[in-house]
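Okay, so here's the structure we're looking at.
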Amino acid sequence: KQPKQKCSSYYCNLRKYYVVDLGFIRSQLQRKNINRGSKIENLVYLELLSRGYEVFVGKHNDKEIDFVAQKDTDVKYIQVTDHIPENSTRESDNFLHLPTGYQKIIITNNWDDVGNIDGIPVIHIIDFLTK
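In this text, residue positions in the sequence shown follow this note's numbering: the first is 136, and each later residue adds one.
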(Lines of atoms letter the chains of each structure in order from A and count residues from 1; the text may use other names and numbers.)
(Lines give C-alpha, C1' and ligand atoms only; values in the text may rest on other atoms or scores of the structure.)
Protein backbone atom coordinates (compact mmCIF):
# COMPACT_ATOMS: atom_id res chain seq x y z
CA LYS A 1 0.00 0.00 0.00
CA GLN A 2 1.26 3.46 -0.81
CA PRO A 3 0.50 6.76 0.96
CA LYS A 4 -1.88 9.02 -0.95
CA GLN A 5 -0.70 11.47 -3.59
CA LYS A 6 -0.99 15.05 -2.40
CA CYS A 7 1.46 17.90 -2.40
CA SER A 8 1.86 21.10 -0.46
CA SER A 9 4.90 23.08 0.58
CA TYR A 10 5.53 20.67 3.47
CA TYR A 11 4.52 17.32 2.13
CA CYS A 12 4.61 15.60 -1.19
CA ASN A 13 4.15 11.95 -1.84
CA LEU A 14 7.41 10.20 -2.52
CA ARG A 15 7.32 6.66 -3.86
CA LYS A 16 7.31 4.47 -0.78
CA TYR A 17 5.34 1.28 -0.37
CA TYR A 18 4.12 -0.45 2.78
CA VAL A 19 2.73 -3.93 3.29
CA VAL A 20 -0.20 -5.09 5.37
CA ASP A 21 1.60 -8.24 6.53
CA LEU A 22 5.19 -7.68 7.67
CA GLY A 23 5.88 -11.43 7.38
CA PHE A 24 5.28 -11.06 3.64
CA ILE A 25 8.47 -9.00 3.28
CA ARG A 26 10.62 -11.70 4.80
CA SER A 27 8.98 -14.49 2.83
CA GLN A 28 9.39 -12.68 -0.47
CA LEU A 29 12.90 -11.32 0.04
CA GLN A 30 14.08 -14.58 1.61
CA ARG A 31 16.51 -12.75 3.87
CA LYS A 32 16.76 -13.06 7.61
CA ASN A 33 18.21 -9.61 8.28
CA ILE A 34 15.72 -7.05 7.05
CA ASN A 35 16.17 -3.44 8.10
CA ARG A 36 14.37 -3.13 11.45
CA GLY A 37 13.85 0.60 10.92
CA SER A 38 11.81 0.00 7.78
CA LYS A 39 9.69 -2.59 9.62
CA ILE A 40 8.99 -0.08 12.39
CA GLU A 41 8.15 2.59 9.82
CA ASN A 42 5.74 0.17 8.14
CA LEU A 43 4.12 -0.61 11.50
CA VAL A 44 3.66 3.09 12.30
CA TYR A 45 2.10 3.65 8.86
CA LEU A 46 -0.44 0.86 9.42
CA GLU A 47 -1.25 2.13 12.92
CA LEU A 48 -1.87 5.66 11.65
CA LEU A 49 -4.24 4.29 8.99
CA SER A 50 -6.08 2.23 11.62
CA ARG A 51 -6.56 5.42 13.67
CA GLY A 52 -8.23 7.09 10.70
CA TYR A 53 -5.42 9.35 9.51
CA GLU A 54 -4.62 10.16 5.91
CA VAL A 55 -0.90 9.51 5.66
CA PHE A 56 1.61 11.21 3.38
CA VAL A 57 5.38 11.12 3.06
CA GLY A 58 6.70 14.61 3.68
CA LYS A 59 9.47 16.61 2.14
CA HIS A 60 10.60 20.15 2.81
CA ASN A 61 13.51 21.35 0.70
CA ASP A 62 15.88 18.37 0.76
CA LYS A 63 14.66 16.94 4.08
CA GLU A 64 12.32 13.95 4.12
CA ILE A 65 9.71 13.64 6.85
CA ASP A 66 8.65 10.02 7.28
CA PHE A 67 4.97 10.82 7.77
CA VAL A 68 2.54 13.68 7.72
CA ALA A 69 -0.63 12.30 9.29
CA GLN A 70 -3.84 14.27 8.98
CA LYS A 71 -7.30 13.66 10.43
CA ASP A 72 -9.66 16.64 10.17
CA THR A 73 -7.67 19.53 11.70
CA ASP A 74 -5.25 17.24 13.57
CA VAL A 75 -1.86 17.18 11.79
CA LYS A 76 1.17 15.26 13.06
CA TYR A 77 4.69 15.22 11.65
CA ILE A 78 6.40 11.94 12.49
CA GLN A 79 9.94 10.61 12.16
CA VAL A 80 10.53 6.89 12.73
CA THR A 81 13.86 5.27 13.58
CA ASP A 82 15.21 2.05 15.04
CA HIS A 83 17.54 4.16 17.18
CA ILE A 84 19.00 7.65 17.15
CA PRO A 85 22.75 7.52 16.54
CA GLU A 86 24.87 9.31 19.12
CA ASN A 87 25.56 12.98 18.28
CA SER A 88 23.12 12.85 15.35
CA THR A 89 20.44 15.44 14.68
CA ARG A 90 19.17 13.78 11.51
CA GLU A 91 15.76 12.88 12.95
CA SER A 92 15.09 16.26 14.57
CA ASP A 93 16.61 18.47 11.84
CA ASN A 94 13.82 17.42 9.49
CA PHE A 95 11.37 19.30 11.72
CA LEU A 96 13.25 22.62 11.96
CA HIS A 97 11.47 24.53 9.19
CA LEU A 98 7.99 23.09 9.63
CA PRO A 99 5.11 25.28 10.76
CA THR A 100 4.59 25.63 14.48
CA GLY A 101 1.37 24.56 16.11
CA TYR A 102 1.47 21.02 14.77
CA GLN A 103 2.54 18.01 16.76
CA LYS A 104 6.02 16.71 15.91
CA ILE A 105 7.04 13.27 17.18
CA ILE A 106 10.05 11.01 16.86
CA ILE A 107 9.24 7.32 17.32
CA THR A 108 12.13 5.03 18.24
CA ASN A 109 12.70 1.37 19.02
CA ASN A 110 15.41 2.21 21.57
CA TRP A 111 14.39 2.89 25.17
CA ASP A 112 17.59 4.91 25.72
CA ASP A 113 16.43 7.45 23.08
CA VAL A 114 13.15 8.24 24.84
CA GLY A 115 12.87 11.81 26.09
CA ASN A 116 12.96 15.12 24.33
CA ILE A 117 15.13 16.65 21.59
CA ASP A 118 14.81 20.41 21.11
CA GLY A 119 11.24 20.31 22.43
CA ILE A 120 10.27 17.34 20.24
CA PRO A 121 9.01 14.30 22.16
CA VAL A 122 10.86 11.06 21.47
CA ILE A 123 8.62 8.11 22.28
CA HIS A 124 9.14 4.37 22.17
CA ILE A 125 7.24 2.42 19.50
CA ILE A 126 5.41 0.45 22.21
CA ASP A 127 4.16 3.67 23.83
CA PHE A 128 2.99 4.91 20.43
CA LEU A 129 1.12 1.69 19.69
CA THR A 130 -0.58 1.55 23.11
CA LYS A 131 -1.51 5.23 23.26
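Idealized CB from N, CA, C, for every residue including glycine.
- When C-alpha distances from residue 217 are compared across 237, 245, 252, the shortest belongs to 245.
- Judged by beta-carbon spacing, residue 240 lies within the 8 Å limit of residue 256, meaning their Cβ atoms are closer than that value.
- Residue 240 carries a strand assignment under DSSP once its states are collapsed to helix, strand and coil.
- Around residue 188, the same chain offers 204, 205, 206 as residues with beta carbons nearer than 7 Å, after the five sequence neighbours per side are excluded.
- Taking the CA atoms as reference points, residue 212 sits about 11 Å from residue 236.
- Between the C-alpha atoms of residue 198 and residue 215 there is a straight-line separation of about 14 Å.
- A direct Cα-Cα distance of roughly 9 Å separates residue 194 from residue 202.
- Apart from the 5 residues on each side of it in sequence, residue 200 sits with its Cβ closer than 8 Å to the Cβ of 145, 146, 192, 193, 194, 212, 213, 214, 229, 230, 233 in its chain, given in chain order.
- In this chain, the alpha helix (DSSP H) harbouring residue 179 covers 171-185.
- Looking at the DSSP output, residue 266 shares a beta bridge with no other residue.
- DSSP places residue 189 outside any alpha helix (DSSP H); the residue lies instead in the beta strand (DSSP E), whose first and last residues are 189-195.
- Under the three-state reduction of DSSP, residue 248 is assigned to helix.
- Shown here, residue 207 sits in coil according to DSSP, grouped into three states, outside any helix or strand.
- Separation of residue 266 and residue 222 (C-alpha to C-alpha, rounded to the nearest whole angstrom) is 29 Å.
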